[in-house]
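Visitor: Below is the structure I would like to discuss, written out as structure tokens.
In this note's numbering, the protein residues as written are 28 to 470.
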């Protein structure tokens, strides 16, 4: 399985690099115009590459399972964000280099007197600034996720469309048929991804609804929604993966949110998502009722013990609501009768907020599992470990003979907690390659 994923990952990586560099190769392969400054070619090359990347952003954000599987959805979305910033600087460098080459190009900034080809390019750059700026500072700007997601897609679509129009109307680098075919191909790919994500895939989800069976309250302001597939097929997933949930609206509304699947992978017809009340959308989950129709898009993610079937020992370190994907793994292991040694170090702020506390005690009996609670603010009579998970606690409970690579570690929780625990694990002697995280920073 690992070899197959590695091969697919290499193939997709080379294909991606080829697609973003093809415009430059075509430019270099074209006829050499005498007297054309090298700085002009550099400017155009950066613009072409930046636009190719922005067009391909619709591919790596389309949640294509065959594309995401070798890398993991969290990695793909992180790459989407970082490569988008790189493309922004490439596109921004295109006009800046022109201004350095010849100050007369500054006249193209006048939106009233500039030719239409320049207006298209200027508007595309302004939209790109808006797309990147709102994506990077959405939290600080306090833009609601659903509102941002819709407008992020609209602005990005307009931006790429205007940039492609700028290229075709400029004409200097699309004067030959095979060059025009290249950009027509990118345009077709862009439109195809747009049609797939906005029409085809929502239609597919619309034909495969789920029905809420129950909503129950858990400890720690967490609500579990149990859902059954109405088409009877269910969702085949690896324990620890997540899915996108759309409730109260249709898949065309673009209002889905990602949540870990908390139930066992042995029961794909009935899935459960346990969701902590942290915002307007998550707080509304408790209002779902039995019989309500919802839509589930998944599975996604590479955070799963299933990907490491040869692991001799397993360590799970959840923090707060980060326990949900780990519960899926533990429930699945219990149902399969897995007897491998397991250590669970579960961090919470208070004892009363420990979600699934009673069920974890039951799982401890069914599995070969040691369960340790680490409470940040314990009560006076607390006899367990207090504070934060650190190197000392890790060395206390994870045997020395599991170091450095005789155990696979699965870590999920708030970002600050994960960053600190990851460093502590490495300091304690765990190999970095054995530490697997689920960060859920998809937006």
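We put the CB at the ideal spot given by N, CA and C, even for glycine.
For residue 323, which option in 257, 357 and 245 has the closest C-alpha, if you only look at C-alpha atoms?
Guide: Residue 323 sits at position 296 when you count from the first residue of the chain shown. For residue 323, the nearest C-alpha among the options comes from 257.
Visitor: Report the CB separation of residue 383 from residue 245 in whole angstroms; it is logged as a contact under 8 Å.
Guide: Numbered from 1 along the chain shown, position 356 holds the residue referred to as residue 383. Numbered from 1 along the chain shown, position 218 holds the residue referred to as residue 245. Rounded, the Cβ-Cβ distance is 7 Å, consistent with contact.
Visitor: Note down the Cα distance separating residue 332 from residue 369, rounded to an integer number of angstroms.
Guide: Here residue 332 is taken as the residue at index 305 of the chain shown, counted from 1. Here residue 369 is taken as the residue at index 342 of the chain shown, counted from 1. Each residue's alpha carbon lies about 12 Å from the other.
Visitor: Check whether the segment 289–302 and the segment 257–274 touch, using three or more Cβ-Cβ pairs below 8 Å as the test.
Guide: Contact between the segment 289–302 and the segment 257–274 is present, because at least three Cβ pairs lie under 8 Å.
Visitor: Rounded to whole angstroms, what's the CA-CA distance from residue 320 to residue 304? Just pull it up for me.
Guide: For this step, residue 320 is matched to residue 293 along the chain shown. For this step, residue 304 is matched to residue 277 along the chain shown. Each residue's Cα considered, the two are about 21 Å apart.
Visitor: Taking the continuous alpha helix (DSSP H) assigned at residue 185, which residues delimit it?
Guide: Along the chain shown, read from residue 1 onward, the residue named residue 185 stands at position 158. Residues 172–197.
Visitor: Measure the beta-carbon distance from residue 315 to residue 242 and round it to whole angstroms, keeping in mind my assumption that it falls under 8 Å.
Guide: For this step, residue 315 is matched to residue 288 along the chain shown. For this step, residue 242 is matched to residue 215 along the chain shown. The Cβ separation is near 5 Å, so the contact holds.
Visitor: Let me check one thing: in DSSP terms, what residues is residue 287 bridge-paired to?
Guide: Working through the chain shown from its first residue, we reach residue 287 at position 260. For residue 287, which the question treats as bridged, DSSP gives the partners 269.
Visitor: Expressed to the nearest angstrom, what Euclidean distance is found between the alpha-carbon atoms of residue 178 and residue 231?
Guide: As a working mapping, residue 178 is identified with position 151 in the chain shown. As a working mapping, residue 231 is identified with position 204 in the chain shown. Residue 178 and residue 231: Cα-Cα distance of roughly 23 Å.
Visitor: Under three-state DSSP, which class holds residue 238?
Guide: Within the chain shown, the letter at position 211 stands for residue 238. If DSSP states are grouped into helix, strand and coil, residue 238 belongs with the strands.
Visitor: Give the straight-line distance between the Cα atoms of residue 169 and residue 159, rounded to the nearest whole angstrom.
Guide: Position 142 of the chain shown, counting from 1, holds the residue named residue 169. Position 132 of the chain shown, counting from 1, holds the residue named residue 159. Distance between the alpha carbons of residue 169 and residue 159 is about 15 Å.
Visitor: Could you check which residue in 327, 438 and 361 has the C-alpha nearest to that of residue 97?
Guide: The sequence position of residue 97 within the chain shown is 70, counting from 1. Among 327, 438 and 361, the Cα nearest to that of residue 97 is on 327.
Visitor: Who pairs with residue 323 in a beta bridge, going by DSSP?
Guide: The residue labelled residue 323 in the question sits at position 296 within the chain shown. 272, per the DSSP bridge assignment.
Visitor: Would you call the segment 101–112 and the segment 203–218 touching, i.e. three or more CB-CB distances under 8 Å?
Guide: No: fewer than three Cβ pairs fall under 8 Å.
Visitor: Among the residues of its own chain, which have a CB less than 7 Å from the CB of residue 282, if the five just before and after it don't count?
Guide: Along the chain shown, one-based indexing puts residue 282 at 255. 173, 273 and 276, listed in sequence order.
Visitor: Along the beta strand (DSSP E) that carries residue 343, what are the first and last residues, could you check?
Guide: What you label residue 343 is simply residue 316 of the chain shown in a count that begins at 1. Start and end: 341–345.
Visitor: Along the chain, where does the alpha helix (DSSP H) that runs through residue 143 open and close?
Guide: Within the chain shown, numbered from 1, the residue matching residue 143 stands at position 116. Note, residue 143: alpha helix (DSSP H), 143–163.
Visitor: So, do the segment 138–153 and the segment 36–50 have three or more beta carbon pairs nearer to each other than 8 Å?
Guide: Segments in contact, no.
Visitor: Taking residue 185 as the reference, give the member of 345, 85 and 100 with the closest Cα.
Guide: As a first step, residue 185 must be located in the chain shown, where it is residue number 158. Looking at the Cα atoms, 85 is the closest of the given residues.
Visitor: Are at least three pairs of beta-carbons, each pair with one atom in the segment 425–437 and one in the segment 453–460, less than 8 Å apart?
Guide: Contact between the segment 425–437 and the segment 453–460 is present, because at least three Cβ pairs lie under 8 Å.
Visitor: Using the Cβ count rule (16 or more neighbours within 10 Å means buried), how would you classify residue 34?
Guide: Along the chain shown, read from residue 1 onward, the residue named residue 34 stands at position 7. With fewer than 16 other Cβ atoms within 10 Å, it is exposed.
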